[in-house]
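Visitor: All you need for my numbering is the position in the sequence shown, starting with 1, plus 7.
Built from N, CA and C at the ideal position, the CB exists for glycine as well.
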Amino acid sequence: VTRTDMVAALPDEMVQRISSTIPLGRVGEPEEVANAVLFLASDLASYITGAILSVDGATQV
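#1: Contact check, Val2 vs Ile29 under 8 angstroms by CB: the rounded distance?
#2: Go ahead and label Gly57 buried or exposed: buried means 16 or more other beta carbons lie within 10 angstroms of its beta carbon, across all protein chains shown.
#3: Since Thr9 sits in a beta bridge, which residues does DSSP pair it with?
#4: Please go through the same chain and pick out, in chain order, the residues whose beta-carbon is closer than 7 angstroms to the beta-carbon of Ala52, but skip the five residues on each side of it.
#5: What is the rounded straight-line gap between the Cα of Ser26 and the Cα of Asp50?
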């Protein structure tokens with residue numbers, strides 16, 4: 008779950024309940040997703056192919 012306008016529209020109690028199920032204990036920030044995209048688009052990731060990068064606070068571990 009990433010903090011977006013859609014998530015902001017949810018009741019605080021629901022966001023807290025969702026956050027409690029995420030191993031890192033919080034929702035993600037849009038900048039964290041953007042940083043992953045920037046990395047994959049950079050030369051630092053030039054040897055990465057066919058990978059799935061989960062930006063999910065360890066939800067799918």
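Guide: Let's see:
#1: Residue 2 is absent from the model: the chain starts at 8 and stops at 68.
#2: exposed
#3: Gly35
#4: Phe46
#5: 33 angstroms
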